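This report refers to the structure that appears directly beneath it.
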Amino acid sequence: MQLGVLATASHAISTRTMFSVYYLPRMSPSEFLIPYDEYMSSVRTEVQNEMQISTLVLVYVGIVGTIVGIDDVDPVRWPISKWRCLTDSRLHGMNLV
């Protein structure tokens, strides 16, 4: 994703005007394409060690556990990202993004 696209989107949102997003799945990574409301909710939510979490895996299985670690999702590619990688005690070291 190019910074020009982000700048255009940011400007459009701040001025409440429309903008277009062109997504080419074979050329662009989709790891950051999520609904705006989901992103805003995640930014407002503070997570801490020892916090209890609950999630659905494969829609059928519910998992409840305790956060035992909080790291950057990818400190090399996104060093100051607000996204965090949560390590859960009950998932045997499996990371939840």
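Okay, so the sequence shown: first residue is 1 according to full-length UniProt numbering, each after it adds one. For glycine and all other residues, C-beta sits at the position ideal for the given N, C-alpha and C. Here the structure is a predicted model, which is why all the values come from computation and not from measurement.
Query - Helix, strand or coil at T17 [DSSP, three-state] - result: In this structure, T17 counts as coil in the three-state DSSP scheme.
Query raised in the report: Terminal residues of the continuous alpha helix (DSSP H) containing Y22?
Result: Premise fails: Y22 is in no alpha helix (DSSP H) and is neither H nor E.
Requested in this report: Identify every residue that forms a DSSP beta bridge with D37.
Outcome: According to DSSP, D37 bridges with nothing at all.
Query raised in the report: Quick one: Cα of S10 to Cα of D74, how far?
Result: If you take the alpha carbons of S10 and D74, they lie about 23 Å apart.
Query raised in the report: Can the beta-carbon of V68 be found less than 8 Å from the beta-carbon of T87?
Result: Yes, they are a contact pair.
Query raised in the report: Tell me which same chain residues have a C-beta within less than 7 Å of the C-beta of F19, skipping the five on either side of it?
Result: T8, A9 and A12.
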